[in-house]
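S.K.: Take this structure first; my questions come after.
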Amino acid sequence: MSEAIAVTGRRERVSRLTRLLESEKVLAVALLLPGVVILITFIAYPFVMALWFSLTSIRVGDAGQYVGLANFTKAIDDTIFQQAFKNTVFYTFWATIFKLALGMWLALLLNRHFRFKRIVRASMLLPFIIPTVLSAFAWRWMFDPTFSVMNWALYHGGMITDRLPFLSSGDWAMWCAVVVNTWRGMPFFAITLLAGLQTISPDLHEAAALDGANAWNRFWHVTWPLLLPVTLVVVVFSVIQTFSDFQLIYVLTGGGPANSTHLIATYAYQIGVGSGLLGEGAALSLFMFPVLFAVVWVQLRYLKRMENA
Amino acid sequence: MAGILAAHRAPVFAQANTVHILRWNDFVPAADKVLREVFAPEVQKALGIKLNVETVNANDIPARATSSIQSGNGPDIIMLLNNYPHLYSSAAVDVSAIADEVGKAQGGIYDANAQLNRVGGKWVSMPWSVVPALIVYRKSWFDEVGAKTFPKTWQEYHEVGKKLKAAKRPIGQTLGNTFGDAPTFTYPFLWSYGGQEVDAKGKVVIDSKGTVDSVRFMAQFWKDAHDEGGLAWDDSNNNRAFLSGDISASLNGASIYVAALNGADKFKTEKGAPLHTDCLHAPLPAGPSGAHAYHTAFNHMVMKYSKNAKGAIEFLRWAHRKENYEKWFTVQKGFAVGPTKSWEDHAMWKQDPVMAPFRTAPQAQKRLMGYAGQPNQKAAEAWNKYIVTVMYAQACSGKMKPEESVKWAAGELGKIYTGT
Amino acid sequence: MLIERKWKKWAYFYLPMALFILFTLFPFYWMAVTAFRPDPELYRTWRQPNAAPLWTLQPTMEHVIGLLKTTAFPTWLWNTMAIAIVSTGISLVCGTFAGYALARLRFRGSEFLGTAIFITYLVPQTLLFIPLADIVRDLHLGNTPWALMLTYPTFLIPFCTWLLMGYFKTIPKELEECARIDGATRFGAMVRIIFPVAIPGILSAGIFAFTLSWNEFIYALVFMASADQKTVPVGVVSELIRGDIFFWGQLMAGALLGSVPVALVYSFFVEYYVTGMTGSVKG
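Residue numbers (the numbering used here), protein chains in the order written: chain D, 8 to 316; chain W, 175 to 594; chain C, 1245 to 1527.
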């Protein structure tokens, strides 16, 4: 008798909980809670702190005082920062273009059937898998002025007589960084675009071919428009990562030669941590935020428009 | 009764007494071994201190120090280079007691080191060692171009360098953004031409005839005599280049020579002899304003947030005792020297005449960054932004004309020295 | 005709493919050669006649052995694995829940929350690590793996949420409605019907999150202090770069060995990864 009551009691409690979760609102809150808690504790809160730092003259071990926008104006005047800003835009722009173009091309190639397709697809991901700092070290040594394997190859191939200044010249070094970033990011583009390509029914291509379209036209008029949503999304994420990149330049050039390859993130680090000027470092880092915000906002609006269309 | 009390006390003391010290990966690995395999067990026996030695890449120490100080939690002792003690002075425990003791017992701490470790009349950190930077060069190659002794002035060095580079044996020097070999060259070079960052009152005076002359000379010297890849070098490139026989001379700590010594079967001259037999050391040549030197100081700061500052200080006191320090000192073979004058008389110096110039090298250091002002936070900021180094690098790469580059440096220094 | 077609195949497929493979995999080949190359050979400059950077006739295991015995590399591998698995787990749970909520439930502020979560992705880590050090200390997490296990989700959750949102949107609403008509609760329907369908998406998000955790550097550098707590990127960089002395052999060995676990994960799941992405981008 009591057992039956106990069972009924439990069922009552269980159904109370499930009834609560029937409500969309309650379920939503329950589902979103863990994620939101983590993000608030470990991003929102420190972000506000960092904002506060950027408005003070805080340095290591010394809380400093409120200085308003002084750190920001100092940054705008700073020629090294101006160079870093230009570099970041240059780096992001070119790396994204190359990654998109090469990634798309590779995705088109991988979309066909050929022997060893699985192995090739898997191995293509290797540059993306290996931790950035480690692959950047390998590249750094491949570009090393004294030991570069590239110089060796070009020299013995008779194409150069004196070595190429891969990392010793500011301009060359920035392009080298673009190459390494492209090498690293292209697989991600390729695999994601490949996924998108596989959702395009081959019938569409056949129909276009029957209408007399050649390969390029087929790509441009059929494939590309259908891939646009995926492309946009992948580009958004890639731009965010590349614009705030730190590890690659930190390892490849350290910001040199002559402060000419700094990115915003590496320069902010050098000022904030290297010189202990935390307030100024925070201000420098914050310059990334509005640019990223603008880029992302534009792309998200575009995506929304396409979704509604 | 006393025995029981002592027995009760010892284990408790040993349990709680850990000292975590953060140092760089020593360029002489045997020294780190001494810390872990000799110091640690011995200090455990002598003082009951459990020593936890952590070594990281020197470039990563500022990040660790910053986050430790900000979060109030980290190593008890942090090794700091150059004038970093000035940057972190507010987070330091006063170690004047040890400094005075060691100074008195060992003939006095070098002036330059004293300046780097003292803020506001107190010692905020304890000087541990100095790594002198001297030029290591290939004796036989210099002989071949007619330089029987190492050039005494920059003009002479330039002439010799021209001939060496023509024989595909250029001088190697880094002008990259790297903490060791670049500023240790560019700062004394600047001083030897009479240039300086600021005057005693803190006014930026780098834009002077002396500085412009030095930059102009350096740009020419670079093209005529140097491996131009040096613009991208870090602290390790010149080592590798020299050991591979790619360059004939380079400013460095003794690590190149020590590596050649330790790898006598690996590193050979083109004639097949061990490389180290063809190496000699010399100080930087003199400019119109004399010869100057900059040597990297290594200091230990006991952190205020530490829960065992007492143990940390005990450890340092113990480590600086002659019989203990000497174990670390001898394994360095002269790469790092002691912070006090008495180590100049140590028997180790008799072992290898090639290392002799390192013995008294710290005495040649009369100036520090931020000269003629103090080696304070502003000087540290200028140092960290590589302003002086970049001033030379820009002219050498042709990016800017010498006068423009000097004006650029003056502008950058101005922002640092007139800001809050 | 046949000859022309074959030529085209070579020009438009085999040649570009070969170039891609060369470009992508050459650094790995080179790393492998370096890892097994004896020290004296590593010192030959590019101009020297006996320089042979692409092969070695005297391969040696000394670097690999040195790496495994003289450094805490195995411990770093273990640490990184554990941290990556746990952070990925946490992020997947939070991301799946949040993705479902934002994609399938209607409630006030859902759009705002979706955008807000996405915006957190824009906050750079170089900005956050100093204040985070304070928070990590206050929560007594310093120098423990939990410091990373709880902070890595900050850049993993936004991406997982977005990816799974897209995936959930493609699942027809009818599935759920049928289940609920049959008497299932909302929560039950979510867990028993929808989640299994979304498995490819979840796997794909998981793989991506795993890779990102493995790759993280700055938080690990700052929050982990002792050698036995470090992760592979931080350990390799901070303990094998001894400036002047040549440890390239060990470095490259570390680089290769450090990628093996992730590569293994990928080799099992790459097909899922592709299908997973397929599903989410359809939406």
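All C-beta atoms, glycine included, are put in the ideal place defined by N, C-alpha and C.
List the residues of chain C whose Cβ lies closer than 7 Å to the Cβ of W/A237, in chain order.
M.R.: L1465 and V1466
S.K.: Closer than 9 Å, CB to CB, is C/L1266 near chain D or not?
M.R.: no
S.K.: Using a threshold of 9 Å, state whether the C-beta atoms of C/A1316 and C/A1464 are closer than that.
M.R.: no
S.K.: Do we get a CB-CB distance below 9 Å when we pair D/K32 with the residues of chain E?
M.R.: Going by chain labels, chain E is absent from the structure shown, which instead holds the protein chains D, W and C.
S.K.: Under a CB-based cut-off of 9 Å, is C/Y1411 close to chain D?
M.R.: no
S.K.: So with Cβ pairs under 9 Å, would you call C/P1284 a contact of chain W?
M.R.: yes
S.K.: Using a Cβ-Cβ distance cut-off of 9 Å, determine whether D/D252 contacts chain W.
M.R.: no
S.K.: Do you know how far the Cα of W/V202 is from the Cα of W/Y431?
M.R.: 11 Å
S.K.: Threshold first: 4 residues or longer. Then list the alpha helix (DSSP H) segments lying entirely within the region 132 to 169 of chain D, N to C.
M.R.: Look at the region 132 to 169 of chain D and you find these whole runs of alpha helix (DSSP H), each 4 residues long or longer: 133 to 136, 139 to 149 and 156 to 163.
S.K.: Is it the case that the region 479 to 494 of chain W contacts the region 281 to 288 of chain W, given that we only count it when at least three CB pairs across the two stretches are under 8 Å?
M.R.: Segments in contact, no.
S.K.: How far does the beta strand (DSSP E) with W/A467 in it reach, from first residue to last?
M.R.: No beta strand (DSSP E) holds W/A467; DSSP gives it neither H nor E.
S.K.: Hey, quick one: how far does the beta strand (DSSP E) through W/Y311 stretch, first residue to last?
M.R.: L308 to R312
S.K.: Does the distance from the CB of D/L270 to the CB of D/I278 come in under 9 Å?
M.R.: No. Outside cutoff.
S.K.: Rounded to the nearest angstrom, what separates D/F49 and C/I1334 at their Cα positions?
M.R.: 14 Å
S.K.: What are the partner residues of W/K442, as DSSP defines its beta bridges?
M.R.: Paired residue(s): W/P448.
S.K.: Rounded to a whole number of angstroms, what is the C-alpha to C-alpha distance between D/D169 and W/F324?
M.R.: Their backbone Cα atoms lie some 29 Å apart in a straight line.
S.K.: If contact means a Cβ-Cβ distance below 8 Å, which residues of the region 168 to 180 of chain D contact chain W?
M.R.: R170, P172, F173, L174, S175, S176, G177 and A180
S.K.: Where does W/V564 fall in DSSP's three states?
M.R.: For W/V564, the secondary structure class from DSSP, reduced to helix, strand or coil, is helix.
S.K.: For D/W30, is the classification buried or exposed, using 16 other Cβ atoms within 10 angstroms of its Cβ as the cut-off for buried?
M.R.: Reading the sequence as shown, one finds Ser at residue 30 of chain D and not Trp. With fewer than 16 Cβ atoms within 10 Å of its Cβ, D/S30 is classed as exposed.
S.K.: For the putative contact between W/G544 and W/A374, defined by C-beta atoms under 8 Å, what is the C-beta separation to the nearest angstrom?
M.R.: With a Cβ gap of about 11 Å, W/G544 and W/A374 do not count as contacting.
S.K.: Between W/E586 and W/I561, how many whole angstroms is the CB-CB distance? I'm expecting something under 8 Å.
M.R.: 5 Å
S.K.: Would you mind telling me which residues of chain D sit closer than 9 Å to C/W1299, beta carbon to beta carbon, in chain order?
M.R.: What C/W1299 touches in chain D: nothing, since even the nearest Cβ is about 11 Å away.
S.K.: Any beta-carbon of chain W closer than 9 Å to the one on D/T48?
M.R.: no
S.K.: Output yes or no for whether 9 Å exceeds the beta carbon distance between C/A1328 and C/L1408.
M.R.: no
S.K.: Is it the case that the Cβ atoms of W/W302 and W/N473 are separated by a distance below 9 Å?
M.R.: Taking the C-beta atoms as reference points, W/N473 is found nearer than 9 Å to W/W302.
S.K.: According to DSSP, simplified to helix, strand and coil, what is W/T592?
M.R.: helix
S.K.: Taking 9 Å as the CB-CB cut-off, is D/K93 touching chain W?
M.R.: no
S.K.: If contacts are defined as beta-carbon pairs under 8 Å, then W/R343 and W/I421 qualify, I think. What distance do you get, rounded to the angstrom?
M.R.: 7 Å
S.K.: If we define contact as Cβ-Cβ less than 9 Å, is C/V1435 a contact residue for chain W?
M.R.: no
S.K.: Could you give the residue range of the alpha helix (DSSP H) that holds C/L1392?
M.R.: Counting along the chain, the alpha helix (DSSP H) containing C/L1392 begins and ends at P1389 to T1395.
S.K.: Hey, quick one: how far does the alpha helix (DSSP H) through W/T358 stretch, first residue to last?
M.R.: P357 to S366
S.K.: How should W/C570 be labelled, buried or exposed, when 16 other C-beta atoms within 10 angstroms of its C-beta is the threshold for buried?
M.R.: Flag for W/C570 reads buried.
S.K.: Taking Cβ-Cβ distances below 8 Å as the criterion, which residues of the region 51 to 65 of chain D are in contact with chain C?
M.R.: A51, Y52, P53, F54, M56, A57 and F60
S.K.: Nearest by alpha-carbon distance to W/P236: which of W/K496, W/I345 and W/N257 is it?
M.R.: The candidate whose alpha carbon is nearest that of W/P236 is W/N257.
S.K.: I need the straight-line Cα distance from W/K552 to W/L425, nearest angstrom please.
M.R.: Just so you know, the alpha carbons of W/K552 and W/L425 end up roughly 26 Å apart.
S.K.: Of the residues C/G1493, C/P1416, C/L1371 and C/G1410, which one's Cα is nearest the Cα of C/T1304?
M.R.: C/G1493
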